[in-house]
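The next block holds one structure in the form of structure tokens; read it before the comments.
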Amino acid sequence: MAAIIEKQKIEPKAWGISAVCVIALVLAGMLFEFLYELGGEKIRIATDKYIFLIDNSGSMEENDPSQERIAAVRKILEDQEEDVQYAVYTFGMEVGCVREMGPISEGTEELEIAPGGQTPIVTMLRYLQQEFEDGALKEPESTQVILLTDGYATDNGWFGWKINRPLNYFSKKHIPVSTVGLGEADGQLLEKIADKTDGINVMVSDVEQLKEAMQSAIVRKDMSRNLLSYRESVAMPWLYVLMRILFITILGIIAMIEKLVIVNNTESQGLILFVSAIGSLTAGILLEVGINVLSMPETVMRLIAAVAMGITPAYVIKTNTYHPYSLDEDEFGEYGSYSGSGGMRVN
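Okay, structure coming up:
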């Protein structure tokens with residue numbers, strides 16, 4: 005990025021225009037956020053199939069020794085019609101199916117398993133994805149998944165991207181995965197799982213709250229969204245794609261006006277206008293593609309978008325510089341008899 009070498013004094017009028025731009029930026033951001041969030045709310049989920057993914061790691065022996073998590077599953081099933089189907093999977097020492105998909109009328113016995121091992125949440129979700137792909141589980145559109153854990157995923161890699169693949173699958177198949185976190189569970193990861201798949205995340209501190217928490221997780225779906233975060237599946241998705249890109253571009257243009265006022269250099273105005281407009285448009289596209297298509301971390305994409313919007317090029321201006329000097333007769337020597345002090349302008 006080039007810079008202007010010539011030192012410039014910013015006039016009071018420029019400060020006023022800059023302040024107006026800041027206010028306009030805030031107001032426009034609030035308006036765009038309001039428009040983008042319209043229709044985002046928690047709604048009831050209509051489903052006749054439930055899949056419970058129950059954490060059975062070693063920590064559960066301490067946090068839930070009486071297996072209240074299984075009691076919570078039974079409580080949910082008691083309130084359903086007998087023809088509603090459910091399946092139970094556990095993850096810990098092993099990942100697998102404890103109870104295959106079938107109607108509630110077939111009973112809810114023998115769901116308890118002795119806890120042990122780590123917390124392979126990613127492996128569990130991949131296993132469930134494979135069950136759908138192999139045909140062991142059918143009709144994904146009418147199925148809701150509830151995942152319960154008390155810990156952090158031990159198989160999500162250094163950067164936490166391993167979970168993106170199964171989440172993308174559940175999102176495309178419209179399978180909501182609601183999450184319930186107990187105690188010191190990884191709330192950030194559980195929120196990501198729920199957000200990506202149109203589910204809802206519920207965090208509880210005490211095992212006695214599990215029944216109520218799991219009940220709330222199956223009757224609501226979180227459709228809230230904001231301009232800088234992942235967007236749930238919506239009707240007319242192309243409209244929200246255009247809204248995000250357009251709104252980010254407009255915000256960048258408002259910021260560009262402030263740049264022009266501060267730089268106050270006519271030689272660079274055209275360059276700043278062009279690059280800032282392209283940078284703002286690029287920022288909107290990067291946010292949309294990075295977050296909603298590639299499932300990149302939101303913080304990383306926001307930073308990249310901010311850099312794209314903030315690029316401000318300018319021409320380098322070489323100015324005349326005044327260099328004072330003093331010459332006496334001795335210094336002037338044979339080239340003349342000039343003496344005195346003064347200066348010369350070097351171009």
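In my numbering, each residue's number is its place in the sequence shown (first place is 1) plus 4.
Cβ atoms here follow ideal geometry from the backbone N, Cα and C, with glycine treated the same way.
The model shown is predicted, which means the values in this text are computed figures rather than measured ones.
Chain D within 8 Å of residue i, Cβ atoms only
i, result
"residue 204", "Looking at the structure shown, chain D is missing, and only one protein chain is on hand."
Three-state secondary structure (DSSP) of residue i
i, result
"residue 34", "helix"
"residue 209", "coil"
"residue 286", "helix"
"residue 299", "coil"
"residue 166", "coil"
"residue 20", "helix"
"residue 185", "strand"
"residue 147", "strand"
"residue 234", "coil"
"residue 153", "strand"
"residue 177", "coil"
"residue 349", "With a pLDDT of only 44 at residue 349, under 50, the local geometry of the prediction cannot be trusted, and the value read off the model is given with reservation. Three-state result, residue 349: strand."
"residue 255", "helix"
Whole-number beta carbon distance between residue j and residue i, since they are thought to touch under 8 Å
i, j, result
"residue 111", "residue 61", "Actually they are not in contact, since the Cβ atoms of residue 111 and residue 61 sit about 26 Å apart, beyond 8 Å."
"residue 248", "residue 291", "6 Å"
"residue 152", "residue 73", "6 Å"
"residue 222", "residue 182", "7 Å"
"residue 284", "residue 316", "No, residue 284 and residue 316 are not in contact; Cβ-Cβ is about 12 Å, not under 8 Å."
"residue 218", "residue 150", "6 Å"
"residue 89", "residue 52", "7 Å"
Residue environment, residue i, which counts as buried when at least 16 other CB atoms sit within 10 Å
i, result
"residue 163", "exposed"
"residue 194", "buried"
"residue 34", "exposed"
"residue 83", "exposed"
"residue 3", "With the chain running from 5 to 351 in the structure shown, residue 3 is simply not present."
"residue 176", "exposed"
"residue 190", "buried"
"residue 17", "exposed"
"residue 210", "exposed"
"residue 26", "exposed"
"residue 208", "buried"
"residue 158", "exposed"
"residue 119", "buried"
"residue 171", "buried"
"residue 274", "exposed"
"residue 241", "exposed"
"residue 198", "buried"
"residue 251", "buried"
Distance, residue j Cα to residue i Cα
i, j, result
"residue 132", "residue 231", "31 Å"
"residue 57", "residue 200", "17 Å"
"residue 276", "residue 263", "8 Å"
"residue 140", "residue 229", "33 Å"
"residue 59", "residue 255", "44 Å"
"residue 147", "residue 29", "43 Å"
"residue 134", "residue 259", "48 Å"
"residue 116", "residue 71", "7 Å"
"residue 253", "residue 76", "48 Å"
"residue 21", "residue 215", "57 Å"
"residue 287", "residue 64", "44 Å"
"residue 136", "residue 92", "14 Å"
"residue 185", "residue 312", "37 Å"
"residue 234", "residue 206", "18 Å"
"residue 168", "residue 86", "35 Å"
"residue 306", "residue 265", "25 Å"
"residue 296", "residue 174", "14 Å"
"residue 99", "residue 130", "10 Å"
"residue 144", "residue 54", "10 Å"
"residue 303", "residue 39", "22 Å"
"residue 154", "residue 123", "9 Å"
"residue 37", "residue 243", "14 Å"
"residue 68", "residue 156", "16 Å"
"residue 142", "residue 300", "30 Å"
Residue i beta carbon near the ligand GTP (any heavy atom closer than 7 Å)
i, result
"residue 222", "Of the ligands one can find in the structure shown there are none, so the ligand GTP has no counterpart to examine."
query: What are the uninterrupted segments assigned as alpha helix (DSSP H) that are 4 or more residues long and contained completely in the stretch 56-141, given in chain order?
result: 64-67, 72-82, 125-138
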